[in-house]
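Reviewing the structure listed below.
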Amino acid sequence: MSGREVLTGRHFMNGDDACAEGAIAAGCRFFGGYPITPSTEVAERFSRRMPEIGGVYMQMEDELGSIAAVLGASAAGARAMTATSGPGLSLMMENLGLGVMLELPCVIIDIQRGSPSTGLPTMAGQSDLMQARWGSHGDYAIVAYAPSSPQEIFDLTIHAFNVADRYRVPVLILSDEVIGHMVERVVIPESQAIPRWERKRPPYPPEHYGQEGFKAFEPDASDLVPPIAHAGDGYRVHFTGLTHDPRGYPDMSAETHHELVTRLMEKIRRNAEDLILLETEYLDDADVVVISFGCTARSARRAVRDARAEGIRAGLLRLISIWPFPEQRIRDLAHEVKTFVVAEMNLGQIRLEVERCVGHPVRGVHHAGGAMIHPEPILEALRASAAQTAGRQK
Amino acid sequence: MTEAIVVETHPLDRIMRSDRMPHIFCPGCGIGIAMRCYGQAILESGIPQDRHVVVSGIGCTGRVAGYVHLDSYHTTHGRAIPFATGIKLANPDLMVTVFSGDGDLAAIGGNHLIHAARRNIDLKVICVNNFNYGMTGGQCGPTTPTGARATTSPYGNPEQPFNLPYLLAASGANYVSRWTTLHVRQIKDEILKIFAKPGFCFIEVLSSCPVGFGKSNHIPDGLEEMRLYRERSVLARDIPLDRLNIDLREDKPIYVGNFVNRDIPAYAPPQLAGSAEA
Numbered sequence: 227m228s229g230r231e232v233l234t235g236r237h238f239m240n241g242d243d244a245c246a247e248g249a250i251a252a253g254c255r256f257f258g259g260y261p262i263t264p265s266t267e268v269a270e271r272f273s274r275r276m277p278e279i280g281g282v283y284m285q286m287e288d289e290l291g292s293i294a295a296v297l298g299a300s301a302a303g304a305r306a307m308t309a310t311s312g313p314g315l316s317l318m319m320e321n322l323g324l325g326v327m328l329e330l331p332c333v334i335i336d337i338q339r340g341s342p343s344t345g346l347p348t349m350a351g352q353s354d355l356m357q358a359r360w361g362s363h364g365d366y367a368i369v370a371y372a373p374s375s376p377q378e379i380f381d382l383t384i385h386a387f388n389v390a391d392r393y394r395v396p397v398l399i400l401s402d403e404v405i406g407h408m409v410e411r412v413v414i415p416e417s418q419a420i421p422r423w424e425r426k427r428p429p430y431p432p433e434h435y436g437q438e439g440f441k442a443f444e445p446d447a448s449d450l451v452p453p454i455a456h457a458g459d460g461y462r463v464h465f466t467g468l469t470h471d472p473r474g475y476p477d478m479s480a481e482t483h484h485e486l487v488t489r490l491m492e493k494i495r496r497n498a499e500d501l502i503l504l505e506t507e508y509l510d511d512a513d514v515v516v517i518s519f520g521c522t523a524r525s526a527r528r529a530v531r532d533a534r535a536e537g538i539r540a541g542l543l544r545l546i547s548i549w550p551f552p553e554q555r556i557r558d559l560a561h562e563v564k565t566f567v568v569a570e571m572n573l574g575q576i577r578l579e580v581e582r583c584v585g586h587p588v589r590g591v592h593h594a595g596g597a598m599i600h601p602e603p604i605l606e607a608l609r610a611s612a613a614q615t616a617g618r619q620k
Numbered sequence: 027m028t029e030a031i032v033v034e035t036h037p038l039d040r041i042m043r044s045d046r047m048p049h050i051f052c053p054g055c056g057i058g059i060a061m062r063c064y065g066q067a068i069l070e071s072g073i074p075q076d077r078h079v080v081v082s083g084i085g086c087t088g089r090v091a092g093y094v095h096l097d098s099y100h101t102t103h104g105r106a107i108p109f110a111t112g113i114k115l116a117n118p119d120l121m122v123t124v125f126s127g128d129g130d131l132a133a134i135g136g137n138h139l140i141h142a143a144r145r146n147i148d149l150k151v152i153c154v155n156n157f158n159y160g161m162t163g164g165q166c167g168p169t170t171p172t173g174a175r176a177t178t179s180p181y182g183n184p185e186q187p188f189n190l191p192y193l194l195a196a197s198g199a200n201y202v203s204r205w206t207t208l209h210v211r212q213i214k215d216e217i218l219k220i221f222a223k224p225g226f227c228f229i230e231v232l233s234s235c236p237v238g239f240g241k242s243n244h245i246p247d248g249l250e251e252m253r254l255y256r257e258r259s260v261l262a263r264d265i266p267l268d269r270l271n272i273d274l275r276e277d278k279p280i281y282v283g284n285f286v287n288r289d290i291p292a293y294a295p296p297q298l299a300g301s302a303e304a
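From first to last, the protein sequence lines stand for chains A and B. The numbering of the first sequence is the working numbering, which starts it at 227 and goes up by one. The numbering of the second sequence is the working numbering, which starts it at 27 and goes up by one.
Here it is in structure tokens:
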């Protein structure tokens with residue numbers, strides 16, 4: 227250890243820089259990226275820091291190349307990531323699917339900006355949520371987190387690498403311009419305090435598997451995750467984006483396809499309880515619960531506290547993870563509270579999910595992006611919801 | 027009709043995934059020849075088999091990754107080179123070869139091709155050029171000669187094709203060659219050469235595709251194309267690179283040989299003295 231891997235101490239740092247430091251502390255040694263506002267500071271930080279610690283900063287020719295290089299580095303055993311924003315995320319969609327299909331761990335941070343298209347490059351958005359979940363073709367599942375502060379970007383970047391490695395899945399950090407450019411205190415712990423979950427590796431050396439060879443895509447029954455063999459390990463594995471059998475060989479049969487795609491979905495669904503991260507405030511006696519995430523959750527917290535001061539029994543459910551969606555938690559909560567308000571800087575992406583879970587329309591506080599949603603409109607929605615539910619009771 | 031000769035073993039059994047045979051290549055296709063040359067070169071390279079890695083994209087040639095008994099990655103259309111870039115930079119001890127077709131590397135992957143050459147990244151690229159998109163049934167592509175027929179150029183290709191050696195030379199590659207599938211010895215020797223040569227190395231292998239390209243362009247079978255290669259291949263000596271265009275349909279020389287052999291330092295990620303691995 228040169229002492230430069232983990233910058234233990236208290237820092238005054240923006241979210242983009244905190245992401246790079248979290249990744250480096252987590253052992254990320256390959257960054258492949260393409261500059262794009264408002265994520266560029268992530269790349270800049272990596273370009274300064276990687277040469278200090280024996281890592282690789284690779285500036286690719288576009289985002290298609292960035293994500294491909296990240297997957298290649300991961301296949302060779304490196305913890306690898308990229309950083310982008312909406313237009314770049316769109317370009318990464320095909321190979322996000324490749325990452326899912328090849329079960330290559332990687333981390334993608336999306337510092338969201340006003341979208342669609344070129345949108346508002348320098349201003350915040352929270353509208354890539356559905357794209358992250360559904361943007362690549364076909365059925366698939368990924369994991370996504372939404373930090374609400376630079377400290378949380380640091381912590382969640384480390385966690386994202388651990389989750390990616392444990393479940394062999396691309397993990398997205400769906401941050402936003404506000405959090406990416408916000409400067410706050412970031413406390414970086416001692417290196418031994420950084421949690422590290424290792425990739426599950428083949429249990430035996432290559433020769434053990436004899437003529438048949440190591441079955442690189444045969445999952446363990448317990449978690450549906452196959453152990454990973456890296457390039458150069460000697461297992462002579464074949465990875466293909468084609469539908470493949472447990473050996474990794476292309477298999478153009480409907481049965482194999484159904485089995486494979488189902489498993490790729492199921493390994494996330496089955497482990498959802500371990501993947502979902504939530505923060506709650508005042509839920510014990512809440513009548514109205516605000517569901518929010520990322521920068522908007524900061525306003526939501528203020529609105530909930532202000533509502534409490536007015537005597538409204540408001541609560542907060544902050545989604546730290548976006549995908550997998552906490553369906554069961556919200557269904558359970560729907561039995562305990564009277565109604566929900568969803569606050570998000572898009573025109574209703576997470577509200578749609580919440581409505582799907584609770585089975586009826588809920589109030590939304592939305593803005594298409596460019597300006598952070600202030601506490602006031604959320605407080606207004608809480609007042610209106612409280613009045614409505616009170617009216618209903620009469 | 028002679029009886030098929032069935033052999034129990036093949037000299038390249040060690041290199042090929044025999045459990046995946048028969049392969050999908052059509053009768054008369056040249057990809058198997060290029061694959062065999064690659065296999066032979068691996069055997070003779072002196073580099074342990076487990077240090078060889080192959081990456082391919084999509085298309086007929088992209089299927090080669092599935093047939094060689096190496097750590098092999100069959101990626102997305104056009105993205106073999108950046109995927110291989112990640113592997114190579116994460117583990118520089120590996121000998122990483124990109125084995126893919128002209129459509130994959132020069133059309134959808136064209137940007138990655140020129141940028142990898144510009145960086146002079148230490149990748150070995152074998153590009154099988156069959157002048158069309160074979161996998162999808164014979165559409166025109168970036169190497170289809172002007173006027174040639176394809177299923178998407180029924181009135182003749184209105185575009186001019188890439189002259190790949192010229193493109194790669196201009197982009198900065200350290201080593202650029204072209205051979206045809208008739209030149210098995212030269213291909214194997216060239217692959218051995220590029221295994222030993224640092225930086226971005228590119229070998230274009232002209233290949234027959236009777237089912238895709240040949241049928242519409244009066245080269246109805248693989249043997250006929252081999253005859254063209256034998257009659258018209260000319261070892262290029264002092265031929266300006268901009269004159270290396272190929273049109274099999276015209277009675278013109280097919281220039282083959284090594285066109286670029288230089289020693290620009292291969293890409294190395296910057297490392298500060300005193301860093302963890304410096």
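The beta carbon of each residue, even a glycine, is placed where N, CA and C say it ideally should be.
- Of the residues assessed, Arg256 (chain B) falls on the exposed side of the cut-off, its CB having fewer than 16 other CB atoms within 10 angstroms.
- Legend: CB atoms of the stretch 123–151 of chain B lying less than 7 Å from CB atoms of chain A belong to residues Asn137, His138, His141.
- Under the three-state reduction of DSSP, Ala292 (chain B) is assigned to coil, being neither helix nor strand.
- B:Thr177 is the residue among B:Thr206, B:Ala292, B:Thr177 whose C-alpha sits nearest the C-alpha of Ser242 (chain B).
- The CB of Arg77 (chain B) comes closer than 8 Å to the CB of Gly458 in chain A, given here in chain order.
- Your pair Leu297 (chain A) and Gly112 (chain B) checks out as a contact, with CB atoms roughly 6 Å apart and the cut at 8 Å.
- Taking the beta carbon of Gln297 (chain B) as reference, the chain A residues within 8 Å of it are Pro277, Gly280, listed in sequence order.
- Those residues of the stretch 98–124 of chain B placed with their C-beta closer than 9 Å to a C-beta in chain A are Ser98, Tyr99, His100, Thr101, Thr102, His103, Gly104, Arg105, Ala106, Ile107, Pro108, Phe109, Ala110, Thr111, Gly112, Ile113, Lys114, Leu115, Ala116, Asn117, Asp119, Leu120, Val122, ordered along the chain.
- Any Cβ of chain B closer than 9 Å to the Cβ of His593 (chain A) would place that residue at the interface, and such an atom is absent.
- Beta-carbon to beta-carbon, Ser611 (chain A) and Val514 (chain A) are separated by about 5 Å, close enough to satisfy the 8 Å threshold.
- Of all residues in the stretch 294–321 of chain A, the ones placed with a Cβ closer than 8 Å to any Cβ belonging to chain B are Ala294, Ala295, Val296, Leu297, Gly298, Ala299, Ser300, Ala301, Ala302, Gly303, Ala304, Ala306, Glu320, Asn321, in chain order.
- Listed in chain order, the beta strand (DSSP E) elements of length 3 or more contained wholly in the stretch 448–489 of chain A are 464–466.
- Around the beta carbon of Lys278 (chain B), a 10 Å sphere encloses fewer than 16 other beta carbons of the protein chains shown; the residue is thus reported as exposed.
- Interface annotation for the stretch 41–74 of chain B against chain A: Arg46, criterion Cβ-Cβ distance under 7 Å.
- With a contact defined as Cβ atoms closer than 8 Å, Leu267 (chain B) and Ala195 (chain B) qualify at about 5 Å.
- Here the stretch 288–302 of chain A does not lie against the stretch 336–343 of chain A, with fewer than 3 beta-carbon pairs under 8 Å apart.
- With 16 or more other CB atoms across the displayed protein chains lying within 10 angstroms of its CB, Val94 (chain B) is buried.
- Apart from the 5 residues on each side of it in sequence, Ile399 (chain A) sits with its Cβ closer than 8 Å to the Cβ of Cys245, Val333, Ile334, Ile335, Asp336, Ala370, Tyr371, Ala372, Pro373, Ile379, Leu382, Thr383, Ala386 in its chain, given in chain order.
- Contact note: His95 (chain B) reaches chain A through Arg462, using a C-beta cutoff of 7 Å and chain order.
- Residues of the stretch 471–484 of chain A that bring their beta carbon within less than 8 Å of a beta carbon in chain B comprise Tyr475, Pro476, in sequence order.
- Sequence-ordered contacts of the stretch 323–337 of chain A with chain B read Leu324 [C-beta pairs closer than 7 Å].
- Ile229 (chain B) is not a Cβ neighbour of Cys166 (chain B), given a cutoff of 9 Å.
- Annotation for Asp273 (chain B): Pro171 place their beta carbon closer than 6 Å to its own, counting only its chain and skipping 5 residues before and after.
- With a beta-carbon spacing of about 18 Å, Phe221 (chain B) and Ala106 (chain B) fall beyond the 8 Å limit used to define contacts.
- Against chain A, a Cβ distance below 8 Å from Gly92 (chain B) picks out His464, Thr466, Tyr475, Pro476.
- Exclusion of the five residues before and after Glu570 (chain A) leaves Gln352, Thr522, Ile576 as the residues of its chain whose Cβ lies within less than 6 Å of its Cβ.
- Taking 9 Å as the cut-off, the Cβ atoms of Tyr159 (chain B) and Gly104 (chain B) do not count as close.
- Residue environment analysis places Met121 (chain B) among the buried positions, since at least 16 neighbouring C-beta atoms fall within 10 angstroms of its C-beta.
- At a cut-off of 9 Å between beta carbons, Val81 (chain B) contacts chain A.
- The bridge partners DSSP lists for Asn271 (chain B) come to none.
- Beta-bridge partners of Gln338 (chain A) (DSSP): A:Asp402.
- The Cβ atoms of Ala442 (chain A) and Tyr461 (chain A) sit closer than 9 Å to each other.
- Per DSSP, the beta bridge partners of Met307 (chain A) are A:Phe257, A:Val333.
- Boundaries of the alpha helix (DSSP H) around His385 (chain A): 376–393.
- Look at the stretch 485–515 of chain A: it has no residue with a C-beta under 9 Å from a C-beta of chain B.
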